[in-house]
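Down below is the structure, laid out as structure tokens.
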Ligand SMILES: NC(=O)c1ccc[n+]([C@@H]2O[C@H](COP(=O)([O-])OP(=O)(O)OC[C@H]3O[C@@H](n4cnc5c(N)ncnc54)[C@H](O)[C@@H]3O)[C@@H](O)[C@H]2O)c1
Ligand SMILES: [Zn+2]
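What follows is the structure, given as structure tokens:
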């Protein structure tokens, strides 16, 4: 049975529906929420080949016709060039303000389509149908949309909440193993930030869940989305506690930048490594018991998550990493703000971390 989670954001509230075989029933969930029958699906080539037909058939059953727009898979599609092409293609379909865009795919499609929806005719409705674990637990929730610039990732964007998120866990069956684990790192993050009980649940159930058990996936995805939604309800536009969601991310972004945002290191893999470094740094600062770090490391071994940057590259340029930390938007007045932790489920925002300490600790 699908589960529904309501994200409470006043007039912008919406449902997240998670379960198996939802694509085949998508029409039932989508039709009542549309302002008009004008629907445009945006997907990437890989996902479209696998699942577009299921979605268009489900919509046709409710007499909703649609012309899909298919983009190339991969991060390069989140470029200004690809975005401008997409906008012209969308406008060719003569949408009006009551049209709805549906993003069918991973975070790349979700970010791109969401941003397109936020500026098309000054804003139209959009629905997220995430098909990667990462997008089901993270990028489809929260309303951040955007594309990349040559100056950095996600620098052009907007806040635009979807009107519905439909996460079909059955679609994960075709996801490559690496993408599973990358998404799992973000799921694990919620337990480690503020929900020790969830971490304990994952210790017990991650094996069966990552093998594709729909019931366990539904439970864990809903719990992850609830954790993210609770933080966002408190801080929709990242003034305060939303920064906690960046646990492990200052490190992750630096490693990603150093590897050129390439297939060498997926975002979730970088996050997995960043989380361990945040724990190690917290232990080094005397904030966090070492036993908690050890417990997490054994879970990493069991699930085969990467734990060390040295498993990606034998040597990293410390100056370059420091440079990335400094440029990270969470840096204030020459001192670092890191998300650190007092133990499993006890992350907090730590300001005024001395640069020299970090440099010495990294060396
Ligand atoms: N908006 C946010 O809050 C937020 C949060 C986290 C990440 N992001 C963004 O999300 C993006 C990463 O998302 P992602 O990890 O989903 O990557 P992605 O969208 O590139 O998908 C990964 C790969 O898997 C393929 N794929 C997708 N679903 C599949 C399926 N069911 N079966 C087989 N293959 C499938 C895709 O075609 C792609 O090649 C990044 O651009 C990142 O910046 C945004
Ligand atoms: Zn992330």
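In our numbering, the protein residues as written are -17 to 345. Note that the Cβ used here is the ideal one computed from N, Cα and C, for glycine as well.
I'd like to know if the segment 136 to 143 and the segment 112 to 122 are in contact, where contact means that at least 3 CB-CB pairs between them fall below 8 Å. no
Ligand 4 and residue 310: does any heavy atom of the ligand fall closer than 7 Å to the residue's C-beta? This structure simply doesn't include ligand 4; it includes ligand 1 and ligand 2 instead.
Using only CA atoms, which one of -17, 260 and 296 lies nearest to residue 227? The sequence position of residue 227 within the chain shown is 245, counting from 1. Measuring from the Cα of residue 227, the nearest candidate turns out to be 260.
Can you confirm whether the segment 319 to 327 touches the segment 264 to 273 when touching is taken to mean that 3 or more C-beta pairs between the two stretches lie within less than 8 Å? yes
For residue 3, is the classification buried or exposed, using 16 other Cβ atoms within 10 angstroms of its Cβ as the cut-off for buried? Reading the chain shown from its first residue, position 21 is the one you call residue 3. Around the beta carbon of residue 3, a 10 Å sphere encloses fewer than 16 other beta carbons of the protein chains shown; the residue is thus reported as exposed.
Where does residue 63 sit, in a helix, a strand or coil, going by DSSP? In the chain shown, the residue the question calls residue 63 occupies position 81. In this structure, residue 63 counts as helix in the three-state DSSP scheme.
Here's the rule I'm using: 16 or more other beta-carbon atoms within 10 Å means buried, otherwise exposed. How should residue 181 be labelled? To locate residue 181, count along the chain shown from 1; it is residue 199. Burial call: buried.
From residue 33 to residue 5, what distance separates their C-alpha atoms? Your numbering for residue 33 matches position 51 in the chain shown. Your numbering for residue 5 matches position 23 in the chain shown. Computed Cα separation, rounded: 8 Å.
For residue 361 versus residue 147, is the C-beta spacing smaller than 8 Å? In the structure as shown, the chain begins at -17 and stops at 345. Residue 361 is therefore absent and cannot be evaluated.
Is residue 337 helix, strand or coil by DSSP? As a working mapping, residue 337 is identified with position 355 in the chain shown. Residue state, collapsed to three classes: helix.
Terminal residues of the continuous alpha helix (DSSP H) containing residue 289? Translated into the one-based positions of the chain shown, residue 289 becomes position 307. Here residue 289 belongs to no alpha helix (DSSP H), and DSSP marks it neither H nor E.
Is residue 191 buried or exposed, if buried means 16 or more other CB atoms sit within 10 Å of its CB? As a working mapping, residue 191 is identified with position 209 in the chain shown. The residue in question, residue 191, is buried, as its Cβ has 16 or more Cβ neighbours within 10 Å.
Return yes when at least one heavy atom of ligand 2 lies under 7 Å from the C-beta of residue 348, else no. Since the first and last residues shown for the chain are -17 and 345, residue 348 lies out of range.
With a 10 Å radius around its C-beta and 16 neighbouring C-beta atoms as the bar for buried, classify residue 35 as buried or exposed. The residue you call residue 35 lines up with position 53 of the chain shown. Its Cβ having fewer than 16 others within 10 Å, residue 35 is exposed.
The alpha helix (DSSP H) spanning residue 53 covers which residue range? Indexing the chain shown from 1 puts residue 53 at position 71. Looking at the DSSP string, residue 53 is not in any alpha helix (DSSP H); the run it does join, the beta strand (DSSP E), is 51 to 53.
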